[in-house]
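Chemist:
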Amino acid sequence: MLLRPLRSWAARALRREGPGSPGPGRGTRGVQRPAWPRDKDRENEKEKKSVICVEGNIASGKTTCLEFFSNTTGIEVLQEPVSKWRNVRGHNPLGLMYRDACRWGLTLQTYVQLTMLDHHTRPQTSPVRLMERSIHSARYIFVENLYRSGKMPKVDYVILSEWFDWIVRNIDVSVDLIVYLRTTPETCYQRLRLRCREEETVIPLDYLNAIHHLYEEWLIQGGLFPVTAPVLVIEADHDVQKMLKLFEQNRDRILTPETQKHGS
Numbered sequence: 291m292l293l294r295p296l297r298s299w300a301a302r303a304l305r306r307e308g309p310g311s312p313g314p315g316r317g318t319r320g321v322q323r324p325a326w327p328r329d330k331d332r333e334n335e336k337e338k339k340s341v342i343c344v345e346g347n348i349a350s351g352k353t354t355c356l357e358f359f360s361n362t363t364g365i366e367v368l369q370e371p372v373s374k375w376r377n378v379r380g381h382n383p384l385g386l387m388y389r390d391a392c393r394w395g396l397t398l399q400t401y402v403q404l405t406m407l408d409h410h411t412r413p414q415t416s417p418v419r420l421m422e423r424s425i426h427s428a429r430y431i432f433v434e435n436l437y438r439s440g441k442m443p444k445v446d447y448v449i450l451s452e453w454f455d456w457i458v459r460n461i462d463v464s465v466d467l468i469v470y471l472r473t474t475p476e477t478c479y480q481r482l483r484l485r486c487r488e489e490e491t492v493i494p495l496d497y498l499n500a501i502h503h504l505y506e507e508w509l510i511q512g513g514l515f516p517v518t519a520p521v522l523v524i525e526a527d528h529d530v531q532k533m534l535k536l537f538e539q540n541r542d543r544i545l546t547p548e549t550q551k552h553g554s
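Residue 291 is where the sequence shown starts when you use the working numbering, and the numbers rise one by one after that.
#1: Just how far apart, CA to CA, sit Arg389 and Leu467?
#2: Using a 10 Å radius around the Cβ and a threshold of 16 neighbouring Cβ atoms, would you call Val418 buried or exposed?
#3: By a C-beta neighbour count over all protein chains shown, 10 Å radius and 16 as the cutoff for buried, is Pro383 buried or exposed?
#4: Using the rule of at least 16 other Cβ atoms within 10 Å of the residue's Cβ for burial, across every protein chain shown, is Ser311 buried or exposed?
#5: Rounded to whole angstroms, what's the CA-CA distance from Thr400 to Ile493? Just pull it up for me.
#6: Should Arg438 be labelled buried (16 or more other beta-carbon atoms within 10 Å of its own) or exposed?
#7: Name, in chain order, the residues that DSSP records as bridge partners for Ile524.
#8: In this structure, how does DSSP classify Met419 when only helix, strand and coil are distinguished?
#9: Whole angstroms are fine: how far does the CA of Leu534 sit from the CA of Thr546?
#10: Taking the beta strand (DSSP E) that Glu366 falls in, what are its first and last residues?
#11: Within 10 angstroms of its Cβ, does Lys532 collect 16 or more other Cβ (buried), or is it exposed?
#12: Give me the Cα-Cα distance between Thr353 and Val530, rounded to the nearest whole angstrom.
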């Protein structure tokens, strides 16, 4: 099968080693097997653990949320691998995409999908994993926005979608809870201007509006794409101190419900 060479190539790419060259895999015709095999002990281990994704627009407060819970015992935090998106062997695909989405959208989103897959599949060391966004929002929000806005050709969109669909069918990238930090695009735009990240200086309000509407379609209205986990909505237009209080008020709902345990 293709899986073992694919997996080793992905690991090498993420470590920034030499380019992978997957060799021919071997399999049995007519026999369908899991594409990413896991032993029984790992399956049993995952059943005892929770995976929670914090979702929201750019500058919606996701990092603040993760930092709030990062010192809690039994929690591991995985922030978006933005540093990797800014530096792939000396190249900055994130900055390139913001400046010319038509040219660099596929390039960035291919790497985003790879790095988010790494986050979903790396061994979980704590009972609760708190992730900033997910492979699902990469596809359902950001790839979708590139395509809808006319900045991604249909062939690129179809290829990324095929990759994503294969991953979802064959690899466990499920989550147990989605925490949606719901903000107005205007609030996000004000926060962007205050934090002054280089790549974000070119982001217009229209872009934040488009991302907001896709999140609303996906997580609030439903029907756009599958929502395979419960969604906890936290209104996040408030200042930092108010948001910290809201995170504390929702601590148990986010971290401890038994009904949201992975594999149950």
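By construction, the Cβ of each residue, glycine as well, lies at the ideal position given by its N, Cα and C atoms.
Modeler: Considering the structure as presented:
#1: 34 Å
#2: buried
#3: With 16 or more other Cβ atoms within 10 Å, it is buried.
#4: Its pLDDT being 38, under 50, Ser311 is placed unreliably in this model, and the coordinates cannot settle the point.
#5: 21 Å
#6: exposed
#7: Paired residue(s): Leu471.
#8: A quick correction: the sequence has Arg, not Met, at residue 419. Arg419: strand per DSSP, three-state reduction.
#9: 18 Å
#10: 365 to 368
#11: exposed
#12: 11 Å
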